[in-house]
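One gets the working numbering by counting positions in the sequence shown from 1 and adding 99 to each.
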Amino acid sequence: MAVREKEVGLGSCVICGRAALRAREEGELTMIEGPNALRLKDGGSLCGSCVRRLRVMYPLKYTFDEAKRIVVKKDPLPELGTEEALQANSEVVSFREDLREHYGFHNAVFVADAMAEVKGGLLKPPIVTVFGQVLYGTFYMQDEVTILSGGNEIKAALEAIDSYEHRVPMDASSLKEWIRRTWDPGRAVGETGYLCKLVVQAKGISVKPGDLVVKD
Ligand SMILES: [Zn+2]
């Protein structure tokens, strides 16, 4: 397969045999980090779609500094060898089904580590940014989600999904600018195993670390 200018060829994927092509850089509008081909520790490669499939078993790990900036973000997948990747591939379907069962069969589940609320503007509900990680499934802009916090269930539409490198909430002007720039809502996604910010406009949300945002 021809390697386009913006891609780096990593050879054939050890799982599916297709070309493992790594994007050199994310497109301007693809603001959320997503699956990309990678090199395993023994030199084998995984293509982006096999990375996407295995990610549920190997989510990104991260820690914060005192300013709540993400300081260490570690991807466990490149730590695997080819045999381990093949083993994971044979287990991933049942792993994912067990996880779905554990979380009541929601289509997608996000676990929060923090939230922030800013004024929404005249007569508008507050803008709530929920920070965290997608456990499984995929979140898209305008998805109807349910925020589970303190025994309450609050339904809201996702106004924005943004990358999460620093715990900075989205305010009214940045939300407006974000929506203007993201002309294609399908490109703003929160993917299994990755960190992101989910932004809603709703009253009465009080999310604590470990609370869930789910989609059915
Ligand atoms: Zn593959």
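Glycine residues also receive a C-beta, built at the ideal position from the N, C-alpha and C atoms.
Predicted model, so just to flag it, every value in this text is computed and none were measured.
To the nearest angstrom, how far is the alpha carbon of S273 from that of G289?
Counting from 1 along the sequence shown, the entry for residue 273 is found at position 174. Counting from 1 along the sequence shown, the entry for residue 289 is found at position 190. Approximately 19 Å, taken between the alpha carbons.
Helix or strand or just coil, what does DSSP make of E264?
Mapped onto the sequence shown, residue 264 falls at position 165. Here E264 sits in coil by DSSP.
Is C112 near ligand 1, judged by its Cβ being under 7 Å from some heavy atom?
As a first step, residue 112 is located in the sequence shown; it is residue number 13 there, counting from the start. Yes; taking the cut-off as 7 Å, the Cβ of C112 has a heavy atom of ligand 1 nearer than that.
Using only the heavy atoms of ligand 1, determine whether one of them is closer than 7 Å to the beta carbon of R117.
Numbered from 1 along the sequence shown, position 18 holds the residue referred to as residue 117. Under cutoff, so the answer is yes.
Considering only C-alpha positions, which residue in the set I169, K140, R152 and A211 is nearest to I246?
For the purposes of this step, residue 246 is taken as residue 147 along the sequence shown, with counting starting at 1. Taking only the C-alpha atoms, the option nearest I246 is A211.
Under 6 Å Cβ to Cβ from R117, same chain only, skipping five residues before and after it: list those, please.
Locating residue 117 in the sequence shown gives position 18, where the first residue counts as 1. Contacts found: C146.
Run the proximity test for L145: is its beta-carbon closer than 7 Å to any non-hydrogen atom belonging to ligand 1?
By one-based count along the sequence shown, residue 145 stands at place 46. Checking every heavy atom of ligand 1 against the Cβ of L145, one is found closer than 7 Å.
Quick check: does the Cβ of S148 come within less than 7 Å of any heavy atom belonging to ligand 1?
The sequence position of residue 148 within the sequence shown is 49, counting from 1. It does: the Cβ of S148 is within 7 Å (strictly closer) of some heavy atom of ligand 1.
Hey, would you say V113 sits closer than 8 Å to A184, going by beta carbons?
Residue mapping note: residue 113 aligns to position 14 of the sequence shown, counting from 1. Residue mapping note: residue 184 aligns to position 85 of the sequence shown, counting from 1. Result yes, Cβ atoms of V113 and A184 sit closer than 8 Å.
When DSSP labels each residue in this structure, what does N188 get in the three-state scheme?
Residue mapping note: residue 188 aligns to position 89 of the sequence shown, counting from 1. It is helical.
Kindly indicate which three-state DSSP category C115 falls into: helix, strand or coil?
Stepping through the sequence shown from its first residue, residue 115 is reached at position 16. Coil, per DSSP.
When you compare the CB positions of F238 and A213, do they come within less than 8 Å of one another, or not?
As a working mapping, residue 238 is identified with position 139 in the sequence shown. As a working mapping, residue 213 is identified with position 114 in the sequence shown. No, Cβ-Cβ distance for F238 and A213 is not below 8 Å.
What residues in its chain sit with their C-beta under 7 Å from that of D310, if we drop five residues either side in the sequence?
Taking the first residue of the sequence shown as 1, we reach residue 310 at position 211. Only A211, L247 and S248 meet the Cβ criterion.
Of the residues A255, A287 and V244, which one's Cα is nearest the Cα of Y263?
For the purposes of this step, residue 263 is taken as residue 164 along the sequence shown, with counting starting at 1. Checked all of A255, A287 and V244; the closest Cα to Y263 is A287.
Kindly confirm or deny that the stretch 138-152 and the stretch 199-207 touch, where touching means at least three C-beta pairs closer than 8 Å.
No, they do not touch.
Need the endpoints of the beta strand (DSSP E) that V312 sits in, please.
Within the sequence shown, residue 312 is the residue found at index 213, counting from 1. Its beta strand (DSSP E) spans residues L311 to K314.
Rank E190, R121, R195 and G180 by C-alpha distance to the C-alpha of G292 and give the top, closest one.
Start at 1 with the first residue of the sequence shown, and residue 292 comes out as number 193. Of the listed residues, the one whose Cα sits closest to G292 is R195.
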